[in-house]
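Per the working numbering, the very first residue in the sequence shown carries number 22; after that it's consecutive.
We put the CB at the ideal spot given by N, CA and C, even for glycine.
For reference, the structure discussed in these notes is given below.
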Amino acid sequence: METANLKRLLKQHFGYDEFRPGQEEIISNALAGRHGLVVMPTGGGKSLCYQLPALATGGLTLVVSPLIALMKDQVDGLRANGIAAEFLNSSLDNATAAAVERRALAGDVNLLYVAPERVSMPGFRRFLHTLDLRLIAIDEAHCISEWGHDFRPDYRTLSELRTEFPGTPVMALTATATERVRRDIVEQLALDNCRQFISGFDRSNLTYRVQPRQAAWESLVGLLDERRGQSAIVYCFSRNETEELAERLTARGHPAVAYHAGLDADTRRLTQERFIDGDVPIVAATIAFGMGIDKPDIRLVVHYALPKSIEGYYQETGRAGRDGLPSDCVLFFSEGDRAKQEYFIQQMTGDARESAERQLQKMVEYGRLGTCRRKYLLAYFGEAMAGDSCGNCDVCLAEREAVDVTVVAQKLLSAVIRTGERFGIAHVNNVLLGSKAQRILELGHDQLSVYGIVNDYDRNALRDIANGLVERGLLARADGEYPTISVTGAGREWLRSRASLTLELRADQATPQRQPTLGRRAVEADYDMGLFERLRALRRRLADDEGVPAFVVFSDATLRGLAAAKPTGPQAMLRVSGVGPAKLERYGEAFLAAIREFDGQVPVKV
Ligand code: ADP
Ligand code: ZN
């Protein structure tokens with residue numbers, strides 16, 4: 022199908038004007054009858070990759086997804102766009118399921134969502150043979166691999182689907198897949214001549230921040246104050262902490278509920294639903310929360326405790342900003358947090374323990390980082406970032422001020438030399454700060470003349486200074502697993518010269534007492550905020566009337582588009598991204614009226 026036609030379908034059914042990167046190629050590949058493996062970060066727009074081909078080819082597209090809790094929302098969302106979608110899973114009673122099957126037989130179902138266990142039933146596969154099956158989409162495809170983080174035995178039976186429908190193209194989709202998992206997916210599903218579409222891991226709309234753990238509570242309240250009424254997840258260390266925090270937040274005027282695996286199934290389901298529907302904006306949760314969360318407008322993900330691994334952290338923060346709008350990921354961190362996790366690691370044995378140690382170490386490194394956080398995260402997943410600054414993490418965004426660091430830099434270089442240039446910066450800082458860590462005592466580093474000679478800078482500032490010295494070429498950091506620090510020739514030269522040195526230090530760290538602020542968000546919005554709030558309320562009401570989550574009506578991005586464009590008629594409204602004919606017909610009048618009314622109330626500027 023030609024590009025123009027695909028775009029027409031995109032606007033007509035989804036209201037979007039442009040494809041996201043990768044989507045069009047993936048769609049064309051499927052329409053040409055070829056298999057495809059799609060690796061795209063969360064929020065990248067994977068669903069559209071099989072939904073559009075389903076519309077273009079007609080017949081039936083089978084969507085296999087393990088997330089039963091999501092199916093209804095997804096199907097509601099498609100229906101709101103006028104697409105014939107249905108789902109079959111264990112939540113339906115027999116009569117309803119039979120009715121869905123009848124509609125499918127009659128050719129009235131374009132997209133059919135099912136859970137993998139249904140596919141493993143021979144009866145269901147026989148039923149599939151009676152349908153006009155054109156495409157098989159397999160969501161969360163990494164579940165098929167034991168090498169992935171989320172193996173599901175049910176996924177293995179999908180290979181039978183392949184044997185029984187050898188001619189039907191398959192599209193396998195996932196947000197996380199290492200090379201090994203990708204190979205596994207292709208082999209397990211016997212996807213010969215499969216094209217792989219791998220988009221980068223970068224989530225450019227997410228701002229990564231680390232803030233000191235010491236002031237976590239007040240900082241958290243501050244973050245939530247800035248985002249009143251918006252959705253946020255706060256990941257906690259323990260079940261107790263989720264409940265305590267939810268209570269405290271509610272008392273502080275931020276309605277929050279707790280979520281953890283210790284709650285009964287009904288409470289958990291209800292909590293999820295209330296969050297997804299936007300009834301409660303904040304969930305304080307353990308990591309048990311999230312697998313079933315496909316909410317596009319989560320603006321903030323906070324880690325109130327240190328995560329166990331970068332993988333986990335990336336997945337959890339990945340739940341923020343799926344709609345592509347700016348969102349924040351804040352980790353509260355202190356050196357001491359490590360101990361809590363260590364306690365659990367001590368009880369493990371062998372390889373598991375070693376691997377847990379390594380993963381935790383990586384996470385601690387992330388917390389301590391004085392260089393771009395995004396670059397570090399991407400490097401972890403094997404992706405190189407161009408340049409050294411992303412411009413969208415606390416390190417890159419920090420205001421900097423010129424500070425004369427001559428004396429402390431001399432101390433730093435001396436300490437590196439005295440300890441034999443065999444240690445990382447954390448150890449050198451421990452020496453300078455006079456730490457009583459066991460390792461220091463064992464090595465006798467408390468006996469060195471440089472022990473405890475810094476008291477005007479804290480650990481973060483020292484790290485920042487060390488990074489500055491590396492950048493200036495006075496210190497060198499070894500690559501690899503043990504980034505030991507050594508003094509370069511230029512560094513020795515500088516020490517001898519007794520020249521002074523000025524570095525641009527982070528203003529929020531040069532004086533540790535000062536609270537970091539989130540000034541950047543104060544930028545002026547290019548849409549009418551008052552109108553936006555009005556439209557949000559309208560969306561809430563319409564969604565409640567129909568018993569669907571708010572984003573099924575319109576996404577936040579679309580509401581902003583409406584509040585910016587203020588369309589006065591149907592044609593103008595159609596030009597707003599996210600508004601297609603189906604939604605125009607359904608909601609157009611209500612929104613146009615609200616916009617007219619709002620404009621009528623606003624005093625005319627002269
Ligand atoms: P994923 O499954 O990759 O996490 P989704 O399929 O849920 O992501 O898409 C994330 C969001 O992006 C959804 O709100 C979706 O409607 C939106 N989206 C997808 N494709 C486009 C597009 N071409 N233009 C604008 N928004 C899009
Ligand atoms: Zn950065």
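Counting only residues of its own chain and dropping the five nearest sequence neighbours on each side, arginine 561 has a CB closer than 8 Å to the CB of Gly299 and Ala571. Out of Met192, Pro187, Glu442 and Arg224, the CA that lies nearest to the CA of arginine 395 is found in Arg224. Contact fails between the stretch 71–89 and the stretch 200–217, because fewer than three Cβ pairs, one in each stretch, are under 8 Å apart. In the three-state DSSP reduction, isoleucine 89 falls in the helix class (H, G or I). Shortest gap from the CB of arginine 41 to any heavy atom of the ligand ADP: under 7 Å. Straight-line measurement puts the Cα of serine 240 at about 9 Å from the Cα of phenylalanine 353. In this structure, the C-beta of leucine 69 approaches the ligand ADP to less than 7 Å from one of its heavy atoms. As for any beta strand (DSSP E) of minimum length 3 sitting wholly inside the stretch 25–79, the runs are 57–60, ordered along the chain. A straight-line Cα-Cα distance of about 15 Å links proline 42 and alanine 196. When DSSP states are grouped into helix, strand and coil, glutamine 217 belongs to the strand group. Separation of arginine 230 and aspartate 485 (C-alpha to C-alpha, rounded to the nearest whole angstrom) is 15 Å.
Taking a C-beta distance under 8 Å as the contact criterion, leucine 490 and valine 424 do not qualify as a contact pair. In the three-state scheme derived from DSSP, where H, G and I count as helix and E and B as strand, valine 471 is classed as coil.
Counted as a single uninterrupted DSSP element, the alpha helix (DSSP H) harbouring serine 240 occupies residues 237–246. Taking the Cα positions, methionine 61 is about 8 Å away from leucine 194. Considered as a whole, the stretch 299–347 harbours 331–338 as its complete alpha helix (DSSP H) runs of no fewer than 4 residues, in chain order.
Runs of the beta strand (DSSP E) spanning 3 or more residues and lying entirely within the stretch 388–442 occur at 421–425, in chain order.
Checking the 7 Å criterion, the Cβ of proline 317 is within range of a heavy atom belonging to the ligand ADP. Of the residues Arg55, Gly57 and Ile104, the one whose Cα lies closest to the Cα of leucine 31 is Ile104. Here alanine 282 has Thr307 and Ala309 as same chain residues with Cβ atoms under 7 Å from its own Cβ, once five neighbours each way along the sequence are excluded. Rounded to the nearest angstrom, the gap between the Cα atoms of serine 376 and alanine 585 is 50 Å. Aspartate 372 places its beta carbon 8 Å or farther from that of cysteine 393. Proximity of the beta carbon of cysteine 393 to the ligand ZN is indicated: a heavy atom of the ligand is located closer than 7 Å. Annotation: the continuous alpha helix (DSSP H) that includes phenylalanine 148 extends over 143–150. For phenylalanine 296, the three-state secondary structure derived from DSSP is helix. If the five residues before and after cysteine 417 are omitted, its C-beta is found closer than 7 Å to the C-beta atoms of Cys393, Ser410 and Cys411, all from its own chain and listed in chain order.
Beyond the five residues adjoining it in sequence on each side, isoleucine 474 comes within less than 7 Å, by CB distance, of Lys432 and Leu453 in the same chain, given in chain order. The Cβ atoms of valine 278 and valine 301 lie closer than 8 Å to each other. Shown here, glutamate 167 sits in coil according to DSSP, grouped into three states, outside any helix or strand. For phenylalanine 108, there is no enclosing alpha helix (DSSP H); the residue is part of the beta strand (DSSP E) that begins and ends at 106–109. Excluding residues up to 5 positions away in sequence, Glu122 lie with their Cβ nearer than 7 Å to the Cβ of phenylalanine 148 in the same chain. Shortest Cα-Cα distance from glutamate 606 to any of Leu212, Asn102, Phe402 and Ile314 involves Asn102. For valine 428, the number of other beta carbons within 10 angstroms of its own is below 16, and it is reported as exposed.
In the DSSP assignment, tyrosine 364 falls within the unbroken alpha helix (DSSP H) covering 359–367. Under DSSP, the beta-bridge partners assigned to isoleucine 159 are Val85 and Ala193.
The Cβ atoms of valine 84 and alanine 158 sit closer than 8 Å to each other.
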